[in-house]
Every structure is written in C-alpha cells, then in structure tokens.
Amino acid sequence: MPLHRGHEKPDERPLSVNPFYGEANPAFEMAEAPPKHRLADTPLPPTTAYQLVHDELMLDGNSRLNLATFVTTWMEPQARALMDECCDKNMIDKDEYARTAELERRCVAMLADLWNAPDPSAVVGCSTTGSSEACMLAGMALKRRWARRNAHRYPSRDARPNLVMGVNVQVCWEKFCNFWEVEARQVPMEGDRYHLDPQAAAELCDENTIGVVGILGSTFDGSYEPIADLCAALDALQERTGLDVPVHVDGASGGMIAPFLDEDLVWDFRLPRVASINTSGHKYGLVYPGVGWALWRDKDTLPEELVFRVNYLGGDMPTFALNFSRPGAQVVAQYYTFLRLGREGYRLVQQSARDVARHLAERVEALGDFRLLTRGDQLPVFAFTTAPDVQAFDVFDVARRLRENGWLVPAYTFPPNREDLSVLRVVCRNGFSADLAELFLEDLGRHLPELRRQPHPLIRDKDAATGFHH
C-alpha cells in the first residue's frame, strides 16, 4: 500500500459546483467547489458531499472485472444488510456485543472442524482484519515458542531466529520477518517448480529455525505447496538431528478451497506438525474485506503470554489480535455465509469457480499465442505466458490492452531464480461467471490481431507496466 504525502499543488478551486447538486435552490452556495486538501470553512449539504465523492470514485476500476484480486467482490443483499446493521459495533467490546463475540467463537469452531483438528474444542483462534494480520500473529507465536525453548541462549549474538519459506510467499511474511527481527530464509524457484521444495526447506532449517511456512495456494500461479511432503521432510530432519520444527500453513485462499474440493488432500491439522493455520474470510471465504482467521492446534501452540486480558468497558476479555477497535460487520457476514451455504453450498460455489477457471484456461491455450503454467485445477487461478515463438508482444502488452476494456489482469515477473519468466494471472472468484469469462475471452481475442502486428513488445518499463505487487 502506498504511503500518501500531502498534496504539493495549491488548494484553490475557483470552479463552481453543478447547481443541480444543491438541496433546494440550484444557485444556493454552489458558486465554488470545496477544497480538496484542507477542510472547508463551511459544511456542505449531504447530497452534494455524496455526489462529489461518488463522481470521483467512478474513475476507480470495476471490482467485478478485477482479475488480479482474490478478494470477494460480490455478496448477497441480505449479507450487505447485516453488515450495515453491524458496522457501528466495535468487535473489541465483547462484553457489550456479546452475541457478535459468540458468532466469532462459532466461526472459529466451524473452521477447527473443517480443518480436521483432532480435538476442535481445544483449538484456539480469532478473527483478524485479514490474512496479513493472521500471519503476523502466527509468526509471533512461532518466535515466542522458539524463544521459550532457547531461553538459555536467546537473546545472544549466536541465536538469531529464522523462518523458512518459499520465495513465492505473500509479502506479509517478509514484513513479519522485518518487523519482528527474524531472518527470512527463502527457497528459490527452480525450472518448472514455482513454489517451495520440501527437501530444500528442511535443509535450510537449523537450531534457530522458528518454523516453516507452507502456502496452500501460491499467489504467483495458484498451485498448492505439498504440505504433507514438507511435514515428512521435517519428520526425517527430526529423526536425524533432533530438531523439532513446526509448520504454519498459510491457507489464505486454499484453506477455503481444499476442504470442499480436495477432501483427500492432507494438509491441515491431520498432520501433527501443523501448529497453526490462517485463511482469509474475505477471499474464498466469500466475505467482503476485511476479515481473516488464525487458528492454533491447542493452547500449547499459542503462548499464554501473547494473550492479553483486558478490563475494557465493563468486562474481562482475552484478546490476542494486533488490532484493537474494528467493526463486527465482517465477522457477522462470515457467520451468515457459513450458515447460508454449509458444506454443500461452499462446495458448489467453489466448484463453479474452478470449472470457470479450467474452461477459460483451456480456451486461452487454444488461441495458440500463450503457454499455460497452471490450469486452475487447484486454486481457481491460472497463470500463462506468451508462447515461445511469439516475438511481437509480451504479457505486459496484453495487460495494457485488456485494461482498455476494463479488465484488470496483473502482469508480473517471477522471483529468483526465474526472473526470466513474466506471466499473466487470472483469478476466478464467485461472481466471475461463465458469461463474464466468455466476454473476457472475446476481448482478448479481439486484441490479438493488432498485438501480432506489433514490431516488438511496446512496454519498456516493466515495473511501471502494472501496479500489481505480491
């Protein structure tokens, strides 16, 4: 997210506001537009203020056509109504809003059951503002548990904690390592492997490793990392060296796909080495942003010293989230969606998204100009690049042309050791229907003849070609 600085241009706006924006008299106090970068001297009528903001936001992209984002862009009117009813409820005040707190506890229990916890009643968890906060909490727990086991030598110059992960992790993990002074040890990509290699991850572990992060659904290409193989490699490491390294599963997207579409895939609390899991309720949990979830196998995996008990607004309340005040609307919407869909409903929604992704990937491949990296058969996401014989254009040209039709498709370069590979990625979500996919394909096909006639790729500054960053 960019850091916003104060505006450097003068704040004068000697232009009039549309007279029709006025409440009653079209000429009343509509002679001058309000300033943009300082507070106006006088109030505006609510309809005028609304219209000015509304008009400016029309220049934003259409979220339904944003194929870069994993975030939910459509919910039912009933869910919207519940969110409106709860947007003024502060989640932290669990004594005053006890029913909202109860719905949060039920959601944690449902996820514990969904993720096959051996004893769902022993699982501890909480809602967060998204997976980024959930990952921070999980990383903090890993570090604190490691520090407790190594209290005889930490802190010291020879005991610098490290966290092992693939180079494809979401940027929140790099932030965690930066903020909490943990060395990030990243497994690079190699050849056609675009995510973590279990054996390579185990080889990076030592007595200072606080844990290994496995990604169930890489944002780079939509593929699952082999969590069971990762745990097996760490089991073998423990047999050889005695090192007991826990695993955290970042299931930001796949944590709400695999339980419904890949039930035989073992990635969750069925693996004893998995200490914690997070997911984004606002991604394939099908809730508007922002809500995430962090769950720990049991109380032993979440150190008690990270749990604060606060006497706040009349009640004793344990909390272990980073944020304090936030609305209860998204948690209520999550419970509504769980209640509304159940397992079968989620399975149907996610299967529809996967069907659209697989069909669209096949159609893109059939155009002949592109090579698929993934096919949408894990996350409903696929990545593709230009075919080897295509010289006239590249993925950045394609992204630029599709934007002319309103489609926001990210083009980006892969990390070490595959910086030579640039791709486009399409995320299929609930609301991106087969009809919309057909319109996307028509627009892509319409641009191809002109792209093929280019003398060479036209985008020179690849960093400026897309605002997309992992």
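For the working numbering, add 1200 to where a residue sits in the sequence shown, where the first one is 1.
Cβ coordinates follow ideal geometry from the N, Cα and C atoms, glycine included.
Inter-residue CB distance, residue i and residue j (contact presumed, cutoff 8 Å)
i: F1570; j: T1586; result: 6 Å
i: V1364; j: L1404; result: 5 Å
i: A1312; j: L1495; result: 6 Å
i: T1300; j: Y1488; result: Contact flag wrong, Cβ pair sits at about 16 Å.
i: L1648; j: L1567; result: 7 Å
i: V1549; j: L1465; result: Going by Cβ atoms, the distance from V1549 to L1465 rounds to 19 Å, so no, they are not a contact pair.
i: R1497; j: A1317; result: 7 Å
i: A1233; j: V1217; result: 5 Å
i: A1475; j: A1433; result: Contact doesn't hold; Cβ gap of about 16 Å is too wide.
i: R1353; j: P1503; result: R1353 to P1503, Cβ: 18 Å. No contact.
i: R1473; j: D1500; result: Going by Cβ atoms, the distance from R1473 to D1500 rounds to 14 Å, so no, they are not a contact pair.
i: N1617; j: D1643; result: Rounded, the Cβ-Cβ distance is 34 Å, inconsistent with contact.
C-beta atoms of residue i and residue j nearer than 8 Å
i: F1524; j: I1292; result: yes
i: V1382; j: G1366; result: no
i: F1584; j: V1564; result: yes
i: P1610; j: R1625; result: yes
i: F1460; j: Y1546; result: yes
i: Y1535; j: A1279; result: no
i: P1446; j: G1414; result: no
i: P1361; j: K1343; result: yes
i: L1314; j: V1531; result: no
i: A1521; j: C1286; result: no
i: A1553; j: C1628; result: yes
i: L1578; j: Y1424; result: In the sequence under discussion, the amino acid at residue 1578 is Gln, which differs from the Leu named in the question. Going by C-beta atoms, Q1578 is nearer than 8 Å to Y1424.
i: A1359; j: N1408; result: yes
Residues near residue i by beta carbon distance below 6 Å, same chain, minus five either side
i: N1266; result: L1608
i: S1331; result: A1452, N1478, S1480 and G1492
i: P1615; result: V1367
i: A1637; result: V1556 and L1560
Residue i to residue j span [Cα, whole Å]
i: Y1612; j: Y1394; result: 14 Å
i: R1345; j: W1380; result: 14 Å
i: H1204; j: L1282; result: 32 Å
i: Y1221; j: T1247; result: 7 Å
i: G1490; j: T1479; result: 12 Å
i: D1392; j: P1580; result: 20 Å
i: F1668; j: M1258; result: In this predicted model, F1668 has a pLDDT of only 49, less than 50, meaning its place in the structure is not dependable enough to derive any value.
i: D1555; j: N1262; result: 23 Å
i: E1650; j: D1635; result: 25 Å
i: D1421; j: V1369; result: 11 Å
i: L1506; j: G1325; result: 12 Å
i: M1201; j: D1260; result: Low per-residue confidence applies at M1201: pLDDT is 49, beneath 50, and the placement is therefore not dependable, though the value from the model is reported in the following sentence. Those two C-alpha atoms are separated by around 16 Å.
i: L1430; j: A1341; result: 20 Å
i: R1653; j: Y1484; result: 39 Å
i: D1620; j: M1389; result: 11 Å
i: D1319; j: D1255; result: 52 Å
i: P1655; j: R1603; result: 21 Å
i: D1284; j: A1384; result: 41 Å
i: V1598; j: R1357; result: 50 Å
i: A1400; j: G1339; result: 21 Å
i: L1244; j: R1238; result: 14 Å
i: V1253; j: N1378; result: 37 Å
i: F1469; j: C1307; result: 17 Å
i: D1295; j: H1482; result: 26 Å
Delimiting residues of the alpha helix (DSSP H) encompassing residue i
i: L1434; result: I1427 to T1441
i: V1598; result: V1595 to R1603
i: Y1612; result: Premise fails: Y1612 lies in the beta strand (DSSP E), A1611 to T1613, not in any alpha helix (DSSP H).
i: N1378; result: V1371 to F1379
i: H1254; result: P1246 to L1257
i: V1531; result: A1529 to A1566
i: E1619; result: Premise fails: E1619 is in no alpha helix (DSSP H) and is neither H nor E.
i: C1307; result: A1298 to L1314
i: G1339; result: S1331 to R1349
Cβ neighbours of residue i in the same chain (closer than 7 Å, five flanking residues each side left out)
i: R1575; result: R1558, A1561 and F1582
i: W1467; result: L1416, I1427, A1428, V1449 and A1458
i: E1463; result: none
i: C1335; result: C1372, W1373, F1376, D1450 and N1478
i: G1631; result: R1264, T1273 and W1274
Element boundaries [beta strand (DSSP E), containing residue i]
i: G1485; result: G1485 -> no beta strand (DSSP E), and no H or E assigned at all.
i: F1469; result: From DSSP, F1469 is part of no beta strand (DSSP E); its letter is neither H nor E.
i: T1272; result: Where T1272 is concerned, there is no enclosing beta strand (DSSP E), given that its DSSP letter is neither H nor E.
i: E1383; result: E1383 to V1387
i: D1635; result: That residue, D1635, is in no beta strand (DSSP E); its alpha helix (DSSP H) goes A1634 to R1652.
i: L1522; result: Per DSSP, L1522 belongs to no beta strand (DSSP E) and is neither H nor E.
i: W1607; result: Neither: W1607 is in no beta strand (DSSP E) and is coded neither H nor E.
i: C1326; result: V1324 to T1328
Close Cβ partners of residue i (< 8 Å) along its chain, the five nearest in sequence each way excluded
i: D1444; result: Q1438
i: L1142; result: The requested residue 1142 is not part of the displayed model; the chain covers only 1201 to 1670.
i: R1526; result: N1290, M1291, I1292 and T1329
CB contact below 8 Å: residue i versus chain C
i: N1617; result: Of the protein chains in the structure, only one exists, and it is not chain C.
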